[in-house]
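Visitor:
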Amino acid sequence: MTAQAEIAAGYALEGTAIELGAVLVDATVEPTAHVRIPLSMINRHGLVAGATGTGKTKTLQLIAEQLSNAGVPVLMADVKGDLSGLSQQGASSDRITTRAGETGDDWQATAFPVQFLSIGTGGIGVPLRATITSFGPILLSKVLGLNDTQESTLGLIFHWADSRGLPLLDTKDLRAVITHLTSDEGKEDLKGIGGVASATAGVILRALVNLEAQGGDRFFGEPELDPNDLMRNKDGKGLISLLEIGDLQSNPALFSTFLMWLLAELFETLPEEGDLDKPKLVFFFDEAHLVFADASKAFLEKITQTVKLIRSKGVGIFFCTQLPTDVPNEVLSQLGARVQHALRAFTPDDQKALARTVKTYPTTPHYDLEKALTSLGIGEAVITVLSEKGAPTPVAWTRLRAPRSLMDTIGTDAIKQAAASSDLNGKYGETVDRESAYEQLMQKVAPPRQEGEAPPQEQPKPEKDEPGLVEKVLGNSAVKSFLRSAGSALAREITRGIFGTSRKRR
Ligand SMILES: Nc1ncnc2c1ncn2[C@@H]1O[C@H](COP(=O)(O)OP(=O)(O)OP(=O)(O)O)[C@@H](O)[C@H]1O
Ligand SMILES: [Mg+2]
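In this text, residue positions in the sequence shown follow this note's numbering: the first is 1, and each later residue adds one.
1. Can you give me the C-alpha to C-alpha distance between Pro271 and Lys313, rounded to a whole angstrom?
2. Considering only heavy atoms of ligand 2 and the C-beta of each residue, which residues fall inside 6 Å, strictly closer?
3. Quick check: the segment 332 to 339 against the segment 170 to 177, are there 3 or more CB pairs under 8 Å?
4. Does the Cβ of Leu400 lie closer than 7 Å to at least one heavy atom of ligand 1?
5. Drop a sphere of 10 angstroms on the beta-carbon of Asp235, count the other beta-carbons inside from all chains shown, and report buried for 16 or more, exposed for fewer.
6. Quick one: what's Asn233 bridged to in DSSP?
7. For the structure I just gave you, are there three or more beta carbon pairs, one from the segment 179 to 196 and one from the segment 152 to 162, closer than 8 Å?
8. Could you work out which residue in Leu144, Ala298 and Ala414 is closest to Gln115 when comparing CA atoms only?
9. Report the residue from Ala17, Ala33 and Leu13 whose alpha carbon sits nearest the alpha carbon of Met1.
10. Restricting to Cα atoms, I'd like to know which of Val203, Pro362, Ser141 and Glu212 is closest to Leu386.
11. Keeping to the same chain, check which residues put their C-beta closer than 6 Å to that of Arg25; ignore five residues upstream and five downstream.
12. For ligand 1, is there any heavy atom lying closer than 7 Å to the beta carbon of Gly50?
13. Is the closest heavy atom of ligand 4 to the C-beta of Thr54 under 7 Å?
14. My output table needs one value for Gly500: the three-state DSSP class, helix, strand or coil.
15. Applying the criterion that 16 or more other CB atoms from any shown protein chain within 10 Å of the CB defines a buried residue, is Gly53 buried or exposed?
16. By DSSP's criteria, Met76 is part of a beta bridge. Which residues make up the other side?
17. So if DSSP puts Arg36 in a beta bridge, which residue, or which two residues, is it bridged to?
18. Does the Cβ of Gly101 have 16 or more other Cβ atoms within 10 Å, making it buried, or fewer, making it exposed?
19. Verify whether the separation of the beta carbon atoms of Ala109 and Ser84 is less than 8 Å.
20. Which residues in the same chain as Gly223 place their Cβ atom closer than 7 Å to its Cβ, once the five residues preceding and following it in sequence are excluded?
21. Does the beta-carbon of Thr149 have 16 or more other beta-carbons within 10 angstroms, so that it is buried, or is it exposed?
22. Let's see if you can read the secondary structure: which residues bound the alpha helix (DSSP H) around Arg175?
23. In the segment 73 to 160, which residue ranges form an unbroken alpha helix (DSSP H) of at least 4 residues, counting only runs that do not cross its ends?
24. So what does DSSP say about Val29, is it helix, strand or coil?
25. Distance check for Gln88 and Ile240, CA to CA, integer angstroms please.
26. Between the Cα of Lys509 and the Cα atoms of Phe499, Asn425 and Ser405, which residue gives the shortest distance?
27. Sorted by chain position, which residues of the same chain lie with C-beta nearer than 6 Å to Phe283's C-beta, five sequence neighbours on each side aside?
28. Is the segment 13 to 27 in contact with the segment 290 to 307, if contact means three or more CB pairs nearer than 8 Å?
29. Going by the CB atoms, is the gap between Ser502 and Gly136 shorter than 8 Å?
30. Exposed or buried, Arg44, counting other C-beta atoms within 10 Å across all chains shown (16 or more means buried)?
31. Taking the alpha-carbon positions, what's the Arg401 to Leu169 distance?
32. Which partner residues of Ser405 appear in the DSSP bridge assignment?
33. With 16 as the cutoff for other CB atoms within 10 Å, does Tyr11 come out buried or exposed?
34. By DSSP's criteria, Glu388 is part of a beta bridge. Which residues make up the other side?
35. With distances taken Cα to Cα, identify the nearest neighbour of Pro38 among Thr393, Lys504 and Gly411.
36. Would you mind working out which of Val203, Trp107 and Ser134 sits nearest Asn147, comparing C-alpha positions?
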């Protein structure tokens with residue numbers, strides 16, 4: 001048996017698989033030696049890593065196409081807008097034909113159902129939003145770049161609003177609450193929650209103003225995304241949702257925390273599943289280093305916990321980043337599939353990352369991994385996944401198949417057009433008027449109290465008419481009406497689950 005066949009034997013399976021490519025040993029590729037991920041193991045997550053230009057995005061495209069074919073919906077964070085080509089047939093070429101031959105692929109140009117989404121209203125896709133209340137204090141702290149003290153203060157502020165069943169739709173609402181709590185009228189309320197130093201409150205307020213300046217106010221609000229809209233099929237294929245960052249480049253943390261929010265939402269709403277033949281949804285976190293950079297310990301713990309638990313809900317996550325060392329070890333150890341494209345070894349830091357990466361692979365008699373990882377060609381990767389039985393497969397230097405859709409962007413105008421004619425545009429295209437949104441959210445997170453239920457322990461004090469800090473800072477009547485409804489709301493307490501996001505009553 002050839003070395004290629006020996007390695008491929010470890011990838012034999014009974015069920016359906018995502019075909020990745022063919023094994024290479026000593027620079028010889030064997031088209032019949034297939035490297036693949038069992039569809040039933042996609043919910044054990046994965047990592048796609050590699051230096052710039054080595055083929056990471058094309059690998060994601062390849063995996064997404066086959067998931068879609070298998071009827072699995074996919075959500076991809078498309079930070080650089082590289083993946084829009086999924087919506088169009090690929091162009092055949094000599095290079096494609098050669099690669100297809102080398103990888104045992106009956107390549108046919110294919111287009112896939114795609115919906116284009118943006119974070120907030122400043123992008124070219126259908127705008128997605130979430131409310132401040134739904135986001136909760138942990139995720140918002142990450143977005144605002146707060147330190148631990150400030151984070152716990154924000155937690156107290158949310159607790160105050162939550163315990164009154166008071167939903168905060170947008171950044172203005174949160175500003176109103178903070179200014180209320182630090183004003184003379186709010187003193188009594190403040191006592192009840194254990195104290196918020198006005199200096200700390202000031203820092204949070206400034207961070208909020210910054211966030212608004214960076215476009216945060218075009219993201220927080222209603223209508224909030226219903227995650228079910230990402231879990232659809234079209235013509236028997238899984239719908240691929242491409243999420244772009246819109247005009248929020250200056251706040252990439254908002255992008256990554258939005259994805260974490262979505263995971264938390266899915267976690268809260270999806271039922272527990274046994275072992276499934278195929279996942280219900282697969283997430284691709286491009287530029288995953290943004291998720292982990294500057295993350296607090298609490299935040300990291302939550303991510304690790306979510307990654308561990310979401311798998312039993314049938315959701316798979318693929319992280320994509322340049323260096324595998326961008327992903328903390330606790331998370332890395334949760335990722336069943338490794339697709340490692342070429343690494344550079346220029347600097348001492350590169351060398352260290354390389355050595356650490358080698359250690360995360362099973363031992364292999366076929367390759368010198370340190371050498372292999374630095375000599376992989378473009379569109380090649382060192383791969384190990386979990387077999388159908390859950391054991392690591394042999395390490396395989398793999399030439400990857402070519403995507404069947406277009407390996408290029410379709411351009412801004414085409415994306416805008418597709419978004420405008422999308423069925424989601426009617427639902428999310430326009431920001432909902434503040435007043436009605438407020439009513440809606442009250443119904444969702446804090447329906448009116450039933451007869452016989454105990455009232456909240458204390459009611460917020462009615463707002464006084466003399467101008468306080470609130471008006472000074474905001475100077476508008478929206479704040480007044482907001483706080484008035486706060487006072488009159490006989491609402492249920494808002495409860496929070498994993499990640500501090502609000503529990504929905506669906
Ligand atoms: N599987 C593949 N089949 C055919 N061509 C490929 C494949 N993978 C990569 N290529 C070629 O290599 C180029 C770069 O790949 P890709 O854009 O995926 O790199 P990347 O690692 O995502 O880079 P960056 O870090 O800059 O985003 C592609 O435009 C394509 O020409
Ligand atoms: Mg890329």
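C-beta: ideal position from N, C-alpha, C; glycine also.
Guide: According to the structure shown:
1. In the sequence shown, counting from the first residue as 1, residue 271 sits at position 271. In the sequence shown, counting from the first residue as 1, residue 313 sits at position 313. Taking the straight line joining both Cα atoms gives about 6 Å.
2. With the cut-off at 6 Å, the residues found are Lys56, Thr57 and Asp82.
3. no
4. The residue you call residue 400 lines up with position 400 of the sequence shown. True, at least one ligand heavy atom lies under 7 Å from that Cβ.
5. What you label residue 235 is simply residue 235 of the sequence shown in a count that begins at 1. Exposed.
6. Within the sequence shown, residue 233 is the residue found at index 233, counting from 1. Looking at the DSSP assignment, Asn233 forms a beta bridge with Gly238.
7. yes
8. By 1-based counting over the sequence shown, the position of residue 115 is 115. The option with the nearest alpha carbon to Gln115 is Ala414.
9. Within the sequence shown, the letter at position 1 stands for residue 1. With distances taken between Cα atoms, Met1 lies closest to Ala33.
10. Here residue 386 is taken as the residue at index 386 of the sequence shown, counted from 1. Ranking Val203, Pro362, Ser141 and Glu212 by Cα distance to Leu386 puts Pro362 first.
11. As a position in the sequence shown, residue 25 is number 25, starting the count at 1. Per the sequence shown, residue 25 should be read as Val rather than Arg. Contacts found: Ala3, Gln4 and His366.
12. The sequence position of residue 50 within the sequence shown is 50, counting from 1. True, at least one ligand heavy atom lies under 7 Å from that Cβ.
13. The ligand content of the structure shown is limited to ligand 1 and ligand 2, which means ligand 4 is not among them.
14. Position 500 of the sequence shown, counted from the first residue, corresponds to residue 500. In the three-state reduction of the DSSP assignment, Gly500 falls in the helix class, which pools H, G and I.
15. Position 53 of the sequence shown, counted from the first residue, corresponds to residue 53. Its Cβ having fewer than 16 others within 10 Å, Gly53 is exposed.
16. Against the sequence shown, residue 76 aligns to sequence position 76. In the DSSP output, where bridge partners are listed per residue, Met76 has Leu242 and Phe284.
17. By 1-based counting over the sequence shown, the position of residue 36 is 36. Per DSSP, Glu19.
18. Here residue 101 is taken as the residue at index 101 of the sequence shown, counted from 1. Its Cβ having fewer than 16 others within 10 Å, Gly101 is exposed.
19. By 1-based counting over the sequence shown, the position of residue 109 is 109. By 1-based counting over the sequence shown, the position of residue 84 is 84. In this structure, Ser84 does not lie closer than 8 Å to Ala109 by Cβ.
20. Against the sequence shown, residue 223 aligns to sequence position 223. Per the sequence presented here, residue 223 reads as Pro, with Gly not at that position. Taking Pro223 as the centre and dropping the five residues before and after it, the same chain places the C-beta of Arg129, Lys427, Tyr428 and Val432 closer than 7 Å to its C-beta, in chain order.
21. If you number the sequence shown from 1, residue 149 lands on position 149. Burial call: exposed.
22. By one-based count along the sequence shown, residue 175 stands at place 175. Counting along the chain, the alpha helix (DSSP H) containing Arg175 begins and ends at Thr171 to Thr182.
23. 94 to 102 and 132 to 144
24. Against the sequence shown, residue 29 aligns to sequence position 29. Looking at Val29 - three-state DSSP - the assignment turns out to be strand.
25. Start at 1 with the first residue of the sequence shown, and residue 240 comes out as number 240. Start at 1 with the first residue of the sequence shown, and residue 88 comes out as number 88. Approximately 12 Å, taken between the alpha carbons.
26. The question about residue 509 has no answer, for the chain in this structure spans 1 to 506.
27. Along the sequence shown, read from residue 1 onward, the residue named residue 283 stands at position 283. Excluding residues within five positions, the ones whose Cβ falls inside 6 Å are Leu75 and Ile317.
28. no
29. Within the sequence shown, the letter at position 136 stands for residue 136. Within the sequence shown, the letter at position 502 stands for residue 502. The answer is yes: Cβ separation under 8 Å.
30. One-based indexing of the sequence shown puts residue 44 at position 44. Buried, by the Cβ-count rule.
31. The sequence position of residue 401 within the sequence shown is 401, counting from 1. The sequence position of residue 169 within the sequence shown is 169, counting from 1. Between Arg401 and Leu169, the C-alpha separation is close to 46 Å.
32. The residue given as residue 405 occupies position 405 in the sequence shown. According to DSSP, Ser405 bridges with Gln89.
33. Counting from 1 along the sequence shown, the entry for residue 11 is found at position 11. Per the 10 Å Cβ criterion, buried.
34. By 1-based counting over the sequence shown, the position of residue 388 is 388. Glu388 pairs with nothing; no bridge assigned.
35. Here residue 38 is taken as the residue at index 38 of the sequence shown, counted from 1. Pro38 has its Cα closest to that of Thr393, out of Thr393, Lys504 and Gly411.
36. Sequence index remark: in the sequence shown, residue 147 carries index 147 (1-based). Among Val203, Trp107 and Ser134, the Cα nearest to that of Asn147 belongs to Val203.
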